[in-house]
Amino acid sequence: MHKLEKSVNNITRAILNDYEGTRTIDEVKTFDHPDNEDIINIIESLRRIVFPGYFRNKSYRVYTVRNNISMILEDVIFKLIRQISIVLRYDEKYVMLNDDEINDNAERITFEFLDKLPKIREYIETDVQAAYDGDPAAFNKDEIIYSYPGLYAILVNRLAHELFLLGVPLIPRVMTEHAHSKTGIDIHPGATIGKNFFIDHGTGIVIGETTQIGDNVKVYQGVTLGALSTRGGQSLRNKKRHPTIEDNVTIYSGASILGGETVVGKNAVIGGNAFITRSVPAGAKVSIKNQELRYNFDSPIEQVEKADLDPEENWFYII
Amino acid sequence: MHKLEKSVNNITRAILNDYEGTRTIDEVKTFDHPDNEDIINIIESLRRIVFPGYFRNKSYRVYTVRNNISMILEDVIFKLIRQISIVLRYDEKYVMLNDDEINDNAERITFEFLDKLPKIREYIETDVQAAYDGDPAAFNKDEIIYSYPGLYAILVNRLAHELFLLGVPLIPRVMTEHAHSKTGIDIHPGATIGKNFFIDHGTGIVIGETTQIGDNVKVYQGVTLGALSTRGGQSLRNKKRHPTIEDNVTIYSGASILGGETVVGKNAVIGGNAFITRSVPAGAKVSIKNQELRYNFDSPIEQVEKADLDPEENWFYII
Amino acid sequence: MHKLEKSVNNITRAILNDYEGTRTIDEVKTFDHPDNEDIINIIESLRRIVFPGYFRNKSYRVYTVRNNISMILEDVIFKLIRQISIVLRYDEKYVMLNDDEINDNAERITFEFLDKLPKIREYIETDVQAAYDGDPAAFNKDEIIYSYPGLYAILVNRLAHELFLLGVPLIPRVMTEHAHSKTGIDIHPGATIGKNFFIDHGTGIVIGETTQIGDNVKVYQGVTLGALSTRGGQSLRNKKRHPTIEDNVTIYSGASILGGETVVGKNAVIGGNAFITRSVPAGAKVSIKNQELRYNFDSPIEQVEKADLDPEENWFYII
Chain A
4 MHKLEKSVNN ITRAILNDYE GTRTIDEVKT FDHPDNEDII NIIESLRRIV FPGYFRNKSY
64 RVYTVRNNIS MILEDVIFKL IRQISIVLRY DEKYVMLNDD EINDNAERIT FEFLDKLPKI
124 REYIETDVQA AYDGDPAAFN KDEIIYSYPG LYAILVNRLA HELFLLGVPL IPRVMTEHAH
184 SKTGIDIHPG ATIGKNFFID HGTGIVIGET TQIGDNVKVY QGVTLGALST RGGQSLRNKK
244 RHPTIEDNVT IYSGASILGG ETVVGKNAVI GGNAFITRSV PAGAKVSIKN QELRYNFDSP
304 IEQVEKADLD PEENWFYII
Chain B
4 MHKLEKSVNN ITRAILNDYE GTRTIDEVKT FDHPDNEDII NIIESLRRIV FPGYFRNKSY
64 RVYTVRNNIS MILEDVIFKL IRQISIVLRY DEKYVMLNDD EINDNAERIT FEFLDKLPKI
124 REYIETDVQA AYDGDPAAFN KDEIIYSYPG LYAILVNRLA HELFLLGVPL IPRVMTEHAH
184 SKTGIDIHPG ATIGKNFFID HGTGIVIGET TQIGDNVKVY QGVTLGALST RGGQSLRNKK
244 RHPTIEDNVT IYSGASILGG ETVVGKNAVI GGNAFITRSV PAGAKVSIKN QELRYNFDSP
304 IEQVEKADLD PEENWFYII
Chain C
4 MHKLEKSVNN ITRAILNDYE GTRTIDEVKT FDHPDNEDII NIIESLRRIV FPGYFRNKSY
64 RVYTVRNNIS MILEDVIFKL IRQISIVLRY DEKYVMLNDD EINDNAERIT FEFLDKLPKI
124 REYIETDVQA AYDGDPAAFN KDEIIYSYPG LYAILVNRLA HELFLLGVPL IPRVMTEHAH
184 SKTGIDIHPG ATIGKNFFID HGTGIVIGET TQIGDNVKVY QGVTLGALST RGGQSLRNKK
244 RHPTIEDNVT IYSGASILGG ETVVGKNAVI GGNAFITRSV PAGAKVSIKN QELRYNFDSP
304 IEQVEKADLD PEENWFYII
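Spelled out as structure tokens, the structure:
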């Protein structure tokens, strides 16, 4: 036990020594750090407000809604003002302000954000409808609200995007990375998304910071809406690096659409695994050439045939 | 503070006003909602029953098993009857029944489901063996049971599939979406899967509702067993839209097999990234043609060579 | 209620009967099992030590660090010795030792592991810098530490890899599978990774057990560093099956690099979706041939055009 104590002391000393060096991950901050757990709590509370009566194992009755909602809201407001106060210090615009001024700004931003909730609900309602219309496996809308990862990722983007527009550092990204962790869908809070957005399955989707998406767009698993090259690193910051997707576009699984000047026109359909680096005209159905397949058999009678898929029938696909 | 109070009241009023509109996400339900947390608890308890002695930091001793199991089981039964009672109301077959009748049906379904547990354990035992046999990185079977995401996704599918067959709405999908969230593997509860099923790595796998999978099948990360098109939306419901995979088939990473009439015959091997929309005969090894690669060099001596991969050696691959 | 009790008894009996068979998943262990929750706690505590002052909603002040760190460290030491004691029994080298001897070994390993913490912090510092330099969307380093899934996966690999090198069974894999679950990034604890490693987005990445990665390497979502075939199963154990990636290599999204003898030379760039099964010389930029795309239009004026992407400009891409 004495030996153990000595070992503990040695390790503690070694680590404290290491802290006394000049590592950039050890900067002593004179201000607080944000709290990931509080931010996740805020998401879950806002989700309860957006879908009243869901995510609670109790009846949703009209006469209790008022109390319920104001209780949840007060909790969100308290936490959000606190977290925004902390992260505003990261922005050089706010860094010189005193505590009261920071707090006033955090309050202002919090209420401006909450004012967007009815609009967010308006959009989310259309997303639920789009998922129901688009997925033959959907049993009813409750199933979508309770279990569809795509809807969760869209909701979190719509919340985080409003905070992003209000200039809040860090918190929007923590929010969307929480959704990424839960769903495998990585939408940057900077991405702008229209109504009736439907994501099916979703794992592996990446939607970059400066992407613009119109109304009634459908996206399947593994789709990347990305940049052509980020070799410029920080020098590319704030430039439009990601594509524009116009209304009524469908993008099937595994497709990549890349580049800030790439525009996919209205009603276009992008086939699975297509790799698009230039604009696509409105109404086009883009597909990749059929793969040449090779068939081998171990059995005595060797056979090699080429696949002659009917391109008219098969060039787009999904799920 | 007075200002803050006023702001809180304003926001609350705005949201309550928004609830009084006609949004389809606000329908006042006269019945309760299911509880995601309870459903996840049920999965974890069933997992403890399927693998006795694991997932508890205490010795597994035979003489305590009886008490332990009946305690866990009673908890599962209580929660499952409650959750099934709630969701049966979603099915028009049950919606007119009174509370006692609903409860009787929920009890009946719960016990019919639990009767399947020995069969589920029989299948899961073969899945653990298949993972051990198939993965050179597997240290022992405990490592598979404790840490392999593929096994977790298969277990949840086997549980959810039995509830799906018993006609339980919503809960099976909540279960498989929980597994999807944890593992990146998206298996619809409707999918039917034979013995000795092995999923390696798994992230990005999608297996659709009407997929049929035989015994001894192996599937790697990024594989889609999907529909050719879901543009028909809800009109395609209950149609076979996803493929049939016969016994002893191996499907390497990134391959897509699509369409309800597509059958991959016994012992076939589907190479990585292959895109299959028509049936594959038994015993075939299907591979995509080698990519033509381009090599550029910044150095003075420019070189361009074509890759001349040996197709016989390299056309199937994995992990 | 009487009926319900009878049903519970029947089910309990059926399951206990099933346990009395000879299923390989029911072996009665004479020793304890590891505890996933404790192992996850250990990861989170170590993360707090690696990034002092983060992941706590309170100020980081120098004069409290000593107490704070030694408290967290003592907790880690206690849990780690306990968990390692349990898993050492899985290794035939230790299975015959008595409890005291096992405990001594667990203590020795725990402290040898903790001695690596300063080195791990040295490497992680370079990883944070690499993410900041490489990603135009990164606001500051705190955003990376708080929210980037790639950094989380790398940290867990660096911790788990040291335990792997010390011969600890099971725990390293439980750690990396926890990171896999949270991030969609699947790095085996056996993989060796140099300084300045950057993973962007990350979902779908698979890095196999015997992979060797040099310094300053960048990897994007969906990349596989894998084996050419694992059909040999357990017979391939401990063989080098996965590639070697030298310094300053960039691998764009969806690329696969396969095989234990495949070496990607210094400064090489592997283009998106490339499928590499043989070595790539230093300095090469490898890209796949441009896809032939097909454009169809429903409108009266039918148009079919081939894509004539400029290969010089577009052959590498990202995000």
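Chains as they are written, first to last, in our numbering: chain A, 4 to 322; chain B, 4 to 322; chain C, 4 to 322.
For every residue, glycine included, the Cβ atom is placed at its ideal position computed from N, Cα and C.
As the structure is a computational prediction, the values presented were derived from the model and not from experiment.
In the same chain as Pro-152 (chain C), and ignoring 5 residues on each side of it, the C-beta atoms closer than 6 angstroms to its own belong to Thr-186 and Gly-205, in chain order. The alpha-carbon of Asn-13 (chain C) is positioned some 12 angstroms away from that of His-5 (chain C). For Tyr-223 (chain A), the pairing in a beta bridge is given by DSSP as A:Asp-203. Phe-54 (chain C): not part of any beta strand (DSSP E); DSSP gives it neither H nor E. What Thr-206 (chain B) touches in chain C, judged by beta-carbon distance under 7 angstroms, is Gly-187, Asp-189, Thr-206 and Gly-207, going in chain order. Residues of chain B whose Cβ lies closer than 9 angstroms to the Cβ of Ser-256 (chain A) are, in chain order, Val-209, Thr-227, Gly-229 and Ser-259.
Boundaries around Arg-297 (chain C) are those of the beta strand (DSSP E), 296 to 300, since no alpha helix (DSSP H) includes it.
In this structure the region 128 to 143 of chain A does not touch the region 170 to 177 of chain A; the number of beta carbon pairs closer than 8 angstroms is below three. Going by beta carbons, Val-159 (chain A) and Ala-182 (chain A) fall inside the 8 angstroms limit. Of all residues in the region 119 to 133 of chain B, those with a C-beta nearer than 9 angstroms to a C-beta of chain C are Leu-120, Pro-121, Arg-124, Glu-125, Ile-127, Glu-128, Val-131 and Gln-132, reading in chain order.
Annotation: Phe-114 (chain B) to Lys-82 (chain B) spans about 12 angstroms, alpha carbon to alpha carbon. For Ile-279 (chain B), the closest alpha carbon among the candidates B:Lys-198, B:Ala-271, B:Ser-232 and B:Leu-261 is that of B:Leu-261.
The region 9 to 24 of chain C makes contact with the region 115 to 125 of chain B; the number of CB pairs closer than 8 angstroms reaches 3 or more. Within the region 155 to 211 of chain A, the complete alpha helix (DSSP H) runs of at least 4 residues fall at 174 to 186.
CA-CA distance, His-191 (chain C) to Glu-104 (chain A), rounds to 49 angstroms. Distances from the alpha-carbon of Asn-106 (chain B) to those of B:Met-99, B:Arg-85 and B:Tyr-93 put B:Arg-85 closest. Contacts with chain A at 8 angstroms (Cβ-Cβ) include Val-11 (chain B). Taking 8 angstroms as the CB threshold, Ser-150 (chain B) lines the interface with chain C. Setting aside the 5 residues that flank it on each side, Arg-244 (chain C) is surrounded in the same chain by Thr-213, Ala-230 and Gly-263, each with a C-beta closer than 6 angstroms to its C-beta; the list follows chain order. Annotated three-state conformation of Gly-229 (chain A) is strand, per DSSP. Under the Cβ distance rule, Ser-184 (chain A) counts among the residues neighbouring chain C, one pair being separated by less than 8 angstroms. Here Leu-296 (chain C) is near Ile-291 (chain A), since their CB atoms are less than 8 angstroms apart. In the assembly as shown, Val-252 (chain C) is a buried residue. Its beta-carbon has 16 or more other beta-carbons within 10 Å. Ser-150 (chain C) sits in a helix when the DSSP states are folded into three classes. Contact of Pro-246 (chain A) with chain B by beta-carbon distance below 9 angstroms is absent, the smallest such distance being about 22 angstroms. At a cut-off of 8 angstroms between beta carbons, Glu-295 (chain B) contacts chain C.
Contact check for Ile-75 (chain C) against Ile-52 (chain C) passes: the beta carbons are separated by less than 8 angstroms. A distance of 8 angstroms or more separates the beta carbons of Ala-156 (chain A) and Ile-216 (chain A).
Your pair Gly-268 (chain C) and Gly-286 (chain C) checks out as a contact, with CB atoms roughly 7 angstroms apart and the cut at 8 angstroms. Here Lys-221 (chain B) is buried. Its C-beta has 16 or more other C-beta atoms within 10 Å. Within the region 274 to 298 of chain A, the residues whose Cβ lies closer than 9 angstroms to some Cβ of chain B are Gly-275, Asn-276, Ile-291, Asn-293, Gln-294, Glu-295, Leu-296, Arg-297 and Tyr-298, listed in chain order. Shown here, Ala-109 (chain B) sits in a helix according to DSSP, grouped into three states. The C-beta of Asn-199 (chain C) has 16 or more other C-beta atoms within 10 Å across all chains shown, which makes the residue buried. Contacts between Val-177 (chain B) and chain A, judged by CB atoms closer than 9 angstroms, involve Glu-146, Tyr-149 and Ser-150 in chain order. The CB of Tyr-57 (chain A) comes closer than 8 angstroms to the CB of His-36 in chain B, given here in chain order. Ser-290 (chain B): member of the beta strand (DSSP E) spanning 287 to 291, first to last residue.
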